[in-house]
Amino acid sequence: MSAKPRIRVPDSARIGEVIEIKTLIAHAMETGNRRNNDGSIVPRLLLHTFEAKFAGTEVFRANLHTGTAANPFLSFFMKVPGPGEFEFTWIEDGGARITERRALSVI
Amino acid sequence: MTDRRTFIVGLSAICASMGCTSPIAAENGQGNIRAALKALIGEATPVEGMIILDLPEIAENGNTVPYTVSVESPMTNTQYAKAVHLLAPANPLPQISSFFFTPLSGKATVSSRMRLAQTQEVLVFAEMSNGTFYTAKRPVKVTVGGCGG
Chain Y
522 MSAKPRIRVP DSARIGEVIE IKTLIAHAME TGNRRNNDGS IVPRLLLHTF EAKFAGTEVF
582 RANLHTGTAA NPFLSFFMKV PGPGEFEFTW IEDGGARITE RRALSVI
Chain S
139 MTDRRTFIVG LSAICASMGC TSPIAAENGQ GNIRAALKAL IGEATPVEGM IILDLPEIAE
199 NGNTVPYTVS VESPMTNTQY AKAVHLLAPA NPLPQISSFF FTPLSGKATV SSRMRLAQTQ
259 EVLVFAEMSN GTFYTAKRPV KVTVGGCGG
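Okay, structure coming up:
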């Protein structure tokens, strides 16, 4: 499918602190409107959903449509409830999933 | 009092005034945006305000236009911004993205990158936890359109 996503989260934070999370994943995000050189339509292939969970609870979710650029980048925030593990999931058309985990400790 | 119909008529007027190059694409866009809006916010009447949409005034490359959306909200367990929807009415398919926040988000701010086929006004709709809707729009001039025509 695609290369390993790049994720930037702090290693540690204070409880109650609002931290920024940045993710970037290499993906063509084919819209299904584009044509090859031979005139045939390139079939739609999007990462249609992104989910961010922390310690099992949903923090943020995105539905990505054809208007989202290739190699989708997302930056969002979380108010740190305590130590735990992030789980980031991208879901591609057809159901393939990419999941990444990151631990966060509390100062 | 603005109802949904006058709002849509307003949208058409905006699109027309922006000079949509392809009448067919524009017509499709209008049909699509009505359906897309209904699916996203139902029959709600959004009020202007509460949203800051940060977009470049001129996008040289429509394939990747960076943006940031912020909704003014205290983001507590009882009062928070629930969802944000972005639409580009003059794209072949108007939906850009939808974002869903939780009280754990801390801040209803998100940044990403969009595709824009041509110069147009980008629309944002925000849904709050109490069921109210807000809207904002920003014109963007696109030098080279995206969407791989």
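Each protein sequence line maps, in turn, to chains Y and S.
Residues in the first sequence are numbered from 522 upward in steps of one, following the numbering used here.
Residues in the second sequence are numbered from 139 upward in steps of one, following the numbering used here.
Just so it is clear, CB atoms sit at the ideal spot from N, CA and C, and this is done for glycine as well.
{"query": "Out of Y/A534, Y/H548, Y/A549, point me to the one whose CA is closest to Y/H542's CA.", "result": "Note on identity: in this sequence residue 542 of chain Y is Ile, with His being the wrong assignment. Among Y/A534, Y/H548, Y/A549, the Cα nearest to that of Y/I542 is on Y/A534."}
{"query": "Taking Cβ-Cβ distances shorter than 9 angstroms, what residues in chain S pair up with Y/T620?", "result": "Residues of chain S passing the Cβ test: none, with the nearest at roughly 18 angstroms."}
{"query": "Give, in chain order, every residue of the stretch 242 to 272 of chain S whose Cβ lies closer than 7 angstroms to some Cβ of chain Y.", "result": "L242, S243, G244, K245, T247, V248, S249, S250, R251, M252, R253"}
{"query": "Which residue's Cα is closest to the Cα of S/I96: Y/T552, Y/I546, Y/E608?", "result": "There is simply no residue 96 of chain S to check, as chain S begins at 139 and stops at 287 in what is shown."}
{"query": "Using the Cβ count rule (16 or more neighbours within 10 Å means buried), how would you classify S/T159?", "result": "Here S/T159 scores only 40 on pLDDT, less than 50, and its place in the model is too uncertain to base an answer on."}
{"query": "For the candidate residues S/L193, S/S243, S/I189, S/N229, whose alpha-carbon lies nearest to that of S/N215?", "result": "S/S243"}
{"query": "Look up Y/G605 in the DSSP assignment and give the residues it is bridged to.", "result": "Y/L625"}
{"query": "Contact check, S/V278 vs S/L175 under 8 angstroms by CB: the rounded distance?", "result": "The Cβ separation is near 19 angstroms, so there is no contact."}
{"query": "Taking three-plus beta-carbon pairs below 8 angstroms as touching, is the stretch 223 to 237 of chain S in contact with the stretch 252 to 260 of chain S?", "result": "yes"}
{"query": "Alpha carbon to alpha carbon, how far is S/V282 from Y/A590?", "result": "14 angstroms"}
{"query": "Just how far apart, CA to CA, sit Y/I528 and Y/A576?", "result": "17 angstroms"}
{"query": "How is S/P241 classed by DSSP in three states: helix, strand or coil?", "result": "helix"}
{"query": "How many angstroms separate the CA atom of S/P232 from the CA atom of S/A173?", "result": "10 angstroms"}
{"query": "For Y/S626, count neighbouring Cβ atoms within 10 angstroms of its own Cβ and tell me buried if that reaches 16, exposed if not.", "result": "exposed"}
{"query": "With 16 as the cutoff for other CB atoms within 10 Å, does Y/S561 come out buried or exposed?", "result": "exposed"}
{"query": "Given Y/P593, which residues of its chain have a CB within under 7 angstroms of its CB, disregarding the five upstream and five downstream residues?", "result": "I546, H548, M550, L568, L585"}
{"query": "Under a three-way DSSP split, which group does S/K279 fall into?", "result": "strand"}
{"query": "Going along chain Y, which residues have a C-beta under 8 angstroms from S/S235?", "result": "A583, N584, L585, H586, G588, T589"}
{"query": "Kindly confirm or deny that the stretch 208 to 222 of chain S and the stretch 262 to 269 of chain S touch, where touching means at least three C-beta pairs closer than 8 angstroms.", "result": "yes"}
{"query": "Rounded C-beta distance between S/M252 and S/V222? I'm assuming under 8 angstroms.", "result": "About 13 angstroms; that fails the 8 angstroms criterion."}
{"query": "Excluding the 5 residues flanking S/I196 on each side, which residues of the same chain have their C-beta closer than 6 angstroms to its C-beta?", "result": "K279"}
{"query": "Hey, how far is the Cα of S/G200 from the Cα of S/G269?", "result": "33 angstroms"}
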